[in-house]
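Student: Sharing a structure with you now.
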Amino acid sequence: MKASAGFSPVPGEEPGCHLSKKAKVCLGILLCVLVAGTIVAVVVGVLKWPRTPPHREWNGTGTTPHFSEIVLGRCYTYTQVLRPELRHKDCGQIGKAFMNAFLSKDPCNSSEQDYQLLLKLTNQTTPCHTNVFWSKSNQLAHQYTRVRQDMFTLEDTLMGYIADGLDWCGDAGSSEMNYQSCPHRRKDCINNPTSVFWDTVSKRFAENACGVVQVVLNGSISNTFDENSTFGRVEIHNLHPGKVSRLQAWVMHDIGGVHSHSCSSPIINDLKFILSKRNISFTCQDDYRPIKFLQCVKNPDHSSCSSII
Amino acid sequence: MAAQGCALSWMSLRLPALLLLLLLLLAPGFAGASGARWSGEGTTPHLQSIFLGRCTEYLALLNPQLRDKNCTDIWEAFQAVLAKDPCSVLPSDYDLFINLSRHSIPRDKSLFWENNQLLVASYSEKTRRFMPLGDVLYGRIVDFLIWCRQENASGLDYQSCPDSEGCEDNAVDSFWKRASMQYAQDSSGVIHVMLNGSEPTGAYPVEGFFADFEIPYLQKDKITRIEIWVMHEIGGPNLESCGEGSVKILEDRLKGMGFQYSCTNNHLPVKLLMCVDHSTHPDCALTSSVPD
């Protein structure tokens with residue numbers, strides 16, 4: 307048998323390392339497939355590759371889901387239903403100004419300036435003698451203003467109402483909100499969008515206060531007056547001596563709870579001293595009766611609730 | 020000359036008369052353009068934004084277990100009713116909306132009421148203590164809102180809407196009828212009812228939402244007992260108390276239906292809440308664990 311039969315050149319073709327027609331076709335197809343595959347891979351890669359770098363990871367809770375809808379809904383509820391004297395406010399603009407305050411910005415470099423337009427659009431004057439500040443007494447203070455609709459905590463003003471309980475932050479390299487996480491005040495950075503926001507609006511709330519203002523303090527904890535709290539750090543230092551005649555403190559003790567501090571405690575004297583240096587007079591009342599009633603709603607059978615006379 | 024004078028005086032009479040006639044004809048047109056069709060308040064501005072905002076907030080913050088709910092679908096179901104003639108809206112028109120937004124009410128947490136909405140809201144503390152209709156998703160979304168379609172056009176009427184005096188089958192009343200029926204059906208355990216014993220028209224309105232759209236829909240097999248609280252305003256007047264007047268009518272009705280019930284005057288925790296605003300009133304000094 308002639309072994310060289312399969313290796314002899316096909317008549318008509320040149321000798322050397324040339325491939326058969328069939329092989330050429332196969333190679334051609336393979337090349338096309340490779341090129342097409344590369345194009346597809348590149349396209350898919352480009353599409354899948356995030357247009358913006360992924361959000362940074364923080365230790366705090368991410369932006370509240372449906373943040374912008376909640377903001378808009380609350381703004382309209384407040385201006386159209388709760389306080390219709392503010393119905394001229396432009397909630398569309400307010401929503402936009404809110405987003406622009408933190409979107410596409412470094413969430414560790416937030417500043418008062420970022421919120422200036424938002425502040426301007428939500429400005430609201432509350433009547434004199436109606437401001438209720440609070441420190442470590444969140445629930446109680448708000449239950450009180452819920453009953454006394456003529457009194458206002460920060461969260462009863464338009465801006466406070468809109469933002470209460472929400473979280474938000476963005477990222478410098480992205481136009482999106484970060485729903486995964488946001489900077490934690492202690493663990494990440496202090497100048498984050500929500501901390502700066504609350505300091506900014508608390509400052510304004512204090513600046514706008516006039517007449518006799520009140521503060522609900524918690525006498526059942528050790529730091530009844532805390533110079534590191536928003537009240538101690540921001541609000542008392544921004545009360546305007548020309549407008550605020552007096553700060554009245556109500557030191558409340560939990561029903562059946564500990565009496566850590568009261569009006570006569572040195573810690574309350576610290577507060578009095580700070581205010582006196584600013585020419586604002588100070589009065590204090592232990593277990594202010596109307597708020598005591600509120601506490602008693604939860605403990606109606608307690609002895610301290612039945613002997614209220 | 021006389022003829023001219025006559026013609027003039029004739030003209031001078033006719034012209035103002037003509038003008039007056041014209042004015043009379045056009046006046047209703049003007050009134051129609053600037054006057055309101057109905058006597059009730061018009062549709063709340065930005066209704067959709069408020070609706071969606073409240074819905075998403077309720078699902079996100081107040082009741083995160085309701086993950087299967089979709090606020091856009093719920094709005095669309097509501098919108099379908101907005102397209103109806105303002106005097107032809109029936110409670111059943113809200114069936115789809117209710118089906119999409121209903122959810123379970125925790126046992127023993129239902130609180131029915133008449134003539135004391137703000138007190139109920141304060142006492143319930145946004146579902147922490149109780150869950151009245153205003154704190155259920157479908158109640159929360161539209162609480163305090165008003166809506167209706169224009170009479171002869173497809174858009175919403177922001178000027179005025181018919182109330183019960185305008186026509187019975189109006190959008191808002193029919194909504195609350197339907198919502199009340201659902202709320203009652205979904206209630207279980209101990210049922211609480213807060214009535215206003217200082218209300219001149221009666222603590223228990225024999226023709227009201229509670230009487231007509233809630234009591235008939237209470238599910239006897241799911242309910243252990245009914246607790247009635249008759250509250251008096253601080254300083255009175257104490258017009259009705261347990262066992263009296265319309266309250267007696269309610270008690271008899273419940274007894275007739277086979278419900279176990281109890282009635283308390285001035286349920287202490289609620290009374291204490293009322294005292295926040297009247298702390299120096301003698302009525303608030305009588306606070307004790309002994310019921311009055």
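Protein sequences, first through last, are from chains A and B.
The numbering used here numbers the first residue of the first sequence as 307 and each following residue consecutively.
The numbering used here numbers the first residue of the second sequence as 20 and each following residue consecutively.
Glycine is no exception: its CB is placed at the ideal position from the N, C-alpha and C atoms.
Going by DSSP, what residue range makes up the alpha helix (DSSP H) through A:L378?
Tutor: Counting from 1 along the first sequence, the entry for residue 378 of chain A is found at position 72. Here the alpha helix (DSSP H) through A:L378 covers 373–382.
Student: Would you mind working out which of B:G185, B:R159, B:P181, B:L152 sits nearest B:A203, comparing C-alpha positions?
Tutor: Looking up residue 203 of chain B in the second sequence gives position 184. B:A203 has its Cα closest to that of B:L152, out of B:G185, B:R159, B:P181, B:L152.
Student: Going by the beta-carbon positions, is the gap between B:W57 and B:L71 smaller than 8 angstroms?
Tutor: Residue numbering aside, residue 57 of chain B sits at position 38 when the second sequence is read from its first letter. Residue numbering aside, residue 71 of chain B sits at position 52 when the second sequence is read from its first letter. It is not a contact, given that the beta carbons lie outside the stated cut-off.
Student: Is there a Cβ from chain A that is less than 8 angstroms from the Cβ of B:G72?
Tutor: Translated into the one-based positions of the second sequence, residue 72 of chain B becomes position 53. Yes - at least one Cβ of chain A is within 8 angstroms of the one on B:G72.
Student: How would you write the range of the beta strand (DSSP E) that B:M276 sits in, first residue to last?
Tutor: Working through the second sequence from its first residue, we reach residue 276 of chain B at position 257. Note, B:M276: premise wrong, no beta strand (DSSP E); not H, not E.
Student: Where do the ends of the alpha helix (DSSP H) carrying A:E513 lie?
Tutor: What you label residue 513 of chain A is simply residue 207 of the first sequence in a count that begins at 1. Residues 499–513.
Student: Pick from A:A469, A:R389, A:N544: whose alpha carbon is nearest that of A:I400?
Tutor: Position 94 of the first sequence, counting from 1, holds the residue named residue 400 of chain A. Ranking A:A469, A:R389, A:N544 by Cα distance to A:I400 puts A:A469 first.
Student: Using only the alpha-carbon positions, how far apart do A:L472 and B:S141 sit?
Tutor: For the purposes of this step, residue 472 of chain A is taken as residue 166 along the first sequence, with counting starting at 1. For the purposes of this step, residue 141 of chain B is taken as residue 122 along the second sequence, with counting starting at 1. Using only the alpha carbons, I get a separation of about 22 angstroms.
Student: Exposed or buried, what is B:D176 when buried is set at 16 or more other beta-carbons lying within 10 Å of its beta-carbon?
Tutor: Position 157 of the second sequence holds residue 176 of chain B. B:D176 is buried by the Cβ-count criterion.
Student: Could you please tell me which residues of the segment 383–403 of chain A, in chain order, have their CB closer than 8 angstroms to any CB of chain B?
Tutor: Correct list: T383, Q386, V387, R393, C397.
Student: List the DSSP bridge partners of B:G208.
Tutor: What you label residue 208 of chain B is simply residue 189 of the second sequence in a count that begins at 1. For B:G208, which the question treats as bridged, DSSP gives the partners B:I242.
Student: Skipping 5 residues on each side, what residues in its chain have a beta carbon closer than 7 angstroms to that of A:E513?
Tutor: Residue mapping note: residue 513 of chain A aligns to position 207 of the first sequence, counting from 1. N544, H546, listed in sequence order.
Student: Which of the residues in the segment 64–93 of chain B, read from start to end, lie with their CB under 9 angstroms from any CB of chain A?
Tutor: Cβ contacts with chain A: P64, H65, L66, S68, I69, F70, L71, G72, R73, C74, T75, E76, L78, A79, L80, C90.
Student: Express the C-alpha separation of B:S123 and B:A16 in angstroms, rounding to a whole number.
Tutor: Summary: the structure shown does not reach residue 16 of chain B, with chain B confined to residues 20 through 311, and so no result is reported for it.
Student: Here's the rule I'm using: 16 or more other beta-carbon atoms within 10 Å means buried, otherwise exposed. How should B:G254 be labelled?
Tutor: In the second sequence, the residue the question calls residue 254 of chain B occupies position 235. It counts as exposed.
Student: Which residue marks the beginning of the beta strand (DSSP E) containing A:Q554, and which one marks its end?
Tutor: The residue given as residue 554 of chain A occupies position 248 in the first sequence. Taken as a continuous stretch (DSSP letters only), the beta strand (DSSP E) holding A:Q554 covers 550–558.
Student: Which bits of chain A does B:S141 rub up against, with CB to CB less than 7 angstroms?
Tutor: For the purposes of this step, residue 141 of chain B is taken as residue 122 along the second sequence, with counting starting at 1. Per Cβ cutoff of 7 angstroms: R452, V453.
Student: For B:F194, which residues of its own chain have a beta-carbon under 7 angstroms away from its beta-carbon, when the five flanking residues on both sides are left out?
Tutor: To locate residue 194 of chain B, count along the second sequence from 1; it is residue 175. Correct list, in chain order: Y113, V161.
Student: So, under 8 angstroms CB-CB, A:V438 and A:V507 are touching, yes? Tell me the CB distance rounded to an integer number of Å.
Tutor: The residue given as residue 438 of chain A occupies position 132 in the first sequence. The residue given as residue 507 of chain A occupies position 201 in the first sequence. About 15 angstroms separates the two Cβ atoms, so there is no contact after all.
Student: Determine which residues share a DSSP beta bridge with A:Q520 and list them.
Tutor: The residue you call residue 520 of chain A lines up with position 214 of the first sequence. According to DSSP, A:Q520 bridges with A:V438, A:Q554.
Student: Using 8 angstroms as the Cβ pair cut-off and three pairs as the minimum, do the segment 586–594 of chain A and the segment 553–563 of chain A touch?
Tutor: Touching, per the Cβ criterion.
Student: Rounded to whole angstroms, what's the CA-CA distance from A:E533 to A:I527? Just pull it up for me.
Tutor: Position 227 of the first sequence, counting from 1, holds the residue named residue 533 of chain A. Position 221 of the first sequence, counting from 1, holds the residue named residue 527 of chain A. One C-alpha to the other measures close to 14 angstroms.
Student: Whole angstroms are fine: how far does the CA of B:A102 sit from the CA of B:W180?
Tutor: In the second sequence, counting from the first residue as 1, residue 180 of chain B sits at position 161. In the second sequence, counting from the first residue as 1, residue 102 of chain B sits at position 83. Residue identity differs from the one stated: residue 180 of chain B is Cys in this sequence, not Trp. Cα to Cα, B:C180 sits roughly 14 angstroms from B:A102.
Student: Need the endpoints of the beta strand (DSSP E) that A:Q591 sits in, please.
Tutor: Counted from its first residue, the first sequence places residue 591 of chain A at position 285. Start and end: 587–592.
Student: Quick check: what's the CA-CA separation for B:V320 versus B:V155?
Tutor: Because chain B in this structure spans residues 20 to 311, residue 320 of chain B falls outside the shown range and cannot be described.
Student: Taking DSSP as the reference, what is the three-state secondary structure of B:I247?
Tutor: Stepping through the second sequence from its first residue, residue 247 of chain B is reached at position 228. DSSP places B:I247 in strand when its eight states are reduced to three.
Student: Based on the DSSP secondary-structure assignment, which residues constitute the bridge partners of B:F131?
Tutor: Against the second sequence, residue 131 of chain B aligns to sequence position 112. Paired residue(s): B:V212.
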